[in-house]
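S.K.:
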Amino acid sequence: MKIRKVIISSLIFSMCLGSKVLASNKFQSKVNISIDKVWTVKFNFGLNRDTINNKNIYVTDTNGQKINVNITPGKDENTIDIVPITGGYIPAKTYVLNLGTGIESIGGKSLKEPTKMNFTIEGKNKDGSNYIDLPKVTNVKMEKEPILPGQTQTFDLTSTGANHVEYRIFVSKYTYGVDKFEDFKEVTNGYIANNKITLNKTFEAGNDGEKYRVIIYVKRAGQKGLYKDELTDFDNYYVDYFRCVNRINNSNITNTNYNNTIDEVLNKQALPSVSVTDEGPSAWVGASRNQIKYYLNPENFTDEYGKYMFLKLSYIDDSITAEDIDGILKGKGILEGKGQAFVNAGKTHNINPIYLASHALLETGNGKSKLANGIEVTGDDGKKKVYNMFGIKAFDANPDKYGSEFAYEQKWVTPEAAIIGGAKYIAEKYVNSAENPRETLYEMKWNPYTPGSYQYATDIGWAYKQVKNIKDLMDKCENPTLVFKKPVYKK
415 MKIRKVIISS LIFSMCLGSK VLASNKFQSK VNISIDKVWT VKFNFGLNRD
465 TINNKNIYVT DTNGQKINVN ITPGKDENTI DIVPITGGYI PAKTYVLNLG
515 TGIESIGGKS LKEPTKMNFT IEGKNKDGSN YIDLPKVTNV KMEKEPILPG
565 QTQTFDLTST GANHVEYRIF VSKYTYGVDK FEDFKEVTNG YIANNKITLN
615 KTFEAGNDGE KYRVIIYVKR AGQKGLYKDE LTDFDNYYVD YFRCVNRINN
665 SNITNTNYNN TIDEVLNKQA LPSVSVTDEG PSAWVGASRN QIKYYLNPEN
715 FTDEYGKYMF LKLSYIDDSI TAEDIDGILK GKGILEGKGQ AFVNAGKTHN
765 INPIYLASHA LLETGNGKSK LANGIEVTGD DGKKKVYNMF GIKAFDANPD
815 KYGSEFAYEQ KWVTPEAAII GGAKYIAEKY VNSAENPRET LYEMKWNPYT
865 PGSYQYATDI GWAYKQVKNI KDLMDKCENP TLVFKKPVYK K
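Quick note: the sequence shown uses our numbering, first residue 415, plus one each step.
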């Protein structure tokens, strides 16, 4: 059976003649390694199986912290396999494979010195393993998206290997405050030989909905899985996500039909340059297809909290007042007392004043940034102090320089001018764009009219992360008119 593994081809240990010990070498670093790689280390002599353990063979991060990989004898007495941690290695992270002097041959000879090899994982998440010639999950359909507390989730599973496979499922809850997933908990009772599985567990929604990650293991029926991690033996695994909410709330929602199916949009979004995530322990890396689908699927966010991704950001009516905005901006540095400017800007350029205020608070650090408080720039019109309330053109290389130069070009010489002028820019480029109008946070992120292009952010969670600010500010208004615009993709 051909199994996809990475063989450290140069990692061949020689048995020397006479009383000499085994020789060892230093090895070049490996890069762009898949998160699901199984390292196979091959020796040219038989190994003492008692010395094949995680004391003599182990993986650490660059800080020396041990990673919970699984060490097993390979296909013959000359090889060992190192199986990744549950769900795979962390993208873009560097690890160290260590082989200690405790490794012995059958004849009792040991390594003269320890051997190490650095390897760096590719900068993109994956939705599971891909060990060839073994059964693999190819499609997962969840019955409830989202699911409510008290309901049970049903998975309809499709795999290679037809009906001659078994599944085992574990689930982990994501905690946004600390940006990590909890430990996996089993929701089946061992392996099940059924491709339609109803879980024996219900889920919590918390106050504002909860995100769950599910890992589905598959193996040949009646056989032990070829690999093993911290949770179980398996042949391959698959990772997906679902959301649990307290209730569905469709009030004040109008549906908007798009010309693409959700799969067509996913195909354009599933590129590292288009969709990234920093969720969990990783830095900014390419998002996997299922990570993207979780945030792209509007049905996941039809609850009282998530629906604010669909709040219309265009101007609705006069229900949001200058007094409402002033209350929000109290104590917010240079933004304090500018409520009327935000209302005027919203009405003039057809943008919700609350969105403008939220955007300004975020970009100015609650009214405290240098750009917001004015920077002197010398140009054709002489030296002028200019303001930029939305961080427009404030490129990362030097945000104060570039942001103030753009403000000078636009003649934003007062905070009010910067608010009104910035609103015009946002309206023309995003919310009311003639080519690609984006009236909601969801549309600003995903641009469903032209998916994969002209997006406000590459972060797949960007729209959801803005919800708290927008909702909190709306809740502080006395009597705002709320209108929601929910996307509907072609079937």
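Heads up, the beta-carbon is just placed ideally off N, CA and C, and yes, glycines get one too.
Ignore the nearest five residues each way along the sequence and tell me which others in Ile520's own chain have a CB closer than 6 Å to its CB.
M.R.: Closer than 6 Å at Cβ, skipping near neighbours: Gly460, Asn462.
S.K.: List the residues that DSSP assigns as beta-bridge partners of Val510.
M.R.: Per DSSP, Thr474, Asn532.
S.K.: Drop a sphere of 10 angstroms on the beta-carbon of Asn664, count the other beta-carbons inside from all chains shown, and report buried for 16 or more, exposed for fewer.
M.R.: Exposed, since its Cβ has fewer than 16 Cβ neighbours within 10 Å.
S.K.: Is Leu776 helix, strand or coil by DSSP?
M.R.: Reduced to three states, the DSSP call for Leu776 is helix.
S.K.: By a C-beta neighbour count over all protein chains shown, 10 Å radius and 16 as the cutoff for buried, is Phe809 buried or exposed?
M.R.: Looking at its Cβ environment, which holds fewer than 16 other Cβ atoms inside 10 Å, Phe809 is exposed.
S.K.: Mind pulling the beta strand (DSSP E) runs of 3 or more residues that sit fully within the segment 788-867?
M.R.: With a minimum length of 3 residues, the continuous beta strand (DSSP E) runs that stay inside the segment 788-867 are 789-793, 796-800.
S.K.: DSSP three-state call for Gly700: helix, strand or coil?
M.R.: In the structure shown, Gly700 sits in a strand (DSSP, three-state: E or B).
S.K.: So, using beta-carbon positions, are Ile765 and Leu710 closer together than 9 Å?
M.R.: Taking 9 Å as the Cβ cut-off, Ile765 and Leu710 do not qualify as a contacting pair.
S.K.: Just mark Gly753 as buried or exposed, buried being the case when its beta carbon has 16 or more other beta carbons within 10 Å.
M.R.: The residue in question, Gly753, is buried, as its Cβ has 16 or more Cβ neighbours within 10 Å.
S.K.: For Thr493, which of helix, strand or coil comes out of DSSP?
M.R.: Residue state, collapsed to three classes: strand.
S.K.: Note down, in chain order, each residue of its chain lying with its Cβ closer than 7 Å to the Cβ of Asp692, except the 5 sequence neighbours on either side.
M.R.: Closer than 7 Å at Cβ, skipping near neighbours: Trp698.
S.K.: Skipping 5 residues on each side, what residues in its chain have a beta carbon closer than 8 Å to that of Ser438?
M.R.: Low local confidence applies: a pLDDT of 46 at Ser438 is under 50, so the model's placement there is unreliable, with the coordinate-based value given in what follows. Around Ser438: Phe427, Leu513, Leu525, Lys526, Glu527, Pro528, Thr529.
S.K.: Per DSSP, which one or two residues make a beta bridge with Met556?
M.R.: For Met556, which the question treats as bridged, DSSP gives the partners Phe569.
S.K.: Can you list, in chain order, the residues of its chain whose CB lies under 7 Å from that of Gly729, leaving out five sequence neighbours each side?
M.R.: Looking at the sequence provided, one finds Tyr at residue 729 rather than Gly. Closer than 7 Å at the Cβ level, and outside the excluded window around Tyr729, lie Gly760, Lys761, Asn764, Ile765, Asn766.
S.K.: To the nearest angstrom, report how far apart Thr828 and Thr778 are at their CA atoms.
M.R.: Distance between the alpha carbons of Thr828 and Thr778: 15 Å.
S.K.: Would you decide whether Thr572 is buried or exposed? Buried here means 16 or more other CB atoms lie within 10 Å of its CB.
M.R.: By the 10 Å Cβ count, Thr572 comes out exposed.
S.K.: For Ile630, which option in Val845, Ile667, Thr568 has the closest C-alpha, if you only look at C-alpha atoms?
M.R.: Comparing Cα positions, the closest option is Thr568.
S.K.: Taking all protein chains shown into account, do 16 or more other C-beta atoms lie within 10 angstroms of the C-beta of Pro943, making it buried, or fewer, making it exposed?
M.R.: Residue 943 is absent from the model: the chain starts at 415 and stops at 905.
S.K.: Which stretch, first to last residue, makes up the alpha helix (DSSP H) that contains Lys625?
M.R.: Careful: Lys625 lies outside any alpha helix (DSSP H), inside the beta strand (DSSP E) at 624-634.
S.K.: Look up Asn681 in the DSSP assignment and say whether it is helix, strand or coil.
M.R.: Helix at Asn681.
S.K.: Can you tell me the Cα-Cα spacing of Val497 and Ala701, whole angstroms?
M.R.: One C-alpha to the other measures close to 23 Å.
S.K.: Could you tell me if Gly639 is buried or exposed, where buried requires 16 or more neighbouring beta carbons within 10 angstroms of its beta carbon?
M.R.: The residue in question, Gly639, is buried, as its Cβ has 16 or more Cβ neighbours within 10 Å.
S.K.: So, is Val585 buried or exposed, given that buried needs 16 or more other C-beta atoms within 10 angstroms?
M.R.: With 16 or more Cβ atoms within 10 Å of its Cβ, Val585 is classed as buried.
S.K.: When the Cα atoms are used, what is the spatial distance from Asn650 to Thr668?
M.R.: Roughly 42 Å between the two C-alpha positions.
S.K.: Nearest-angstrom Cα distance between Asp889 and Leu680?
M.R.: Their backbone Cα atoms lie some 33 Å apart in a straight line.
S.K.: Tell me the residue span of the alpha helix (DSSP H) that contains Tyr878.
M.R.: Residues 876-890.
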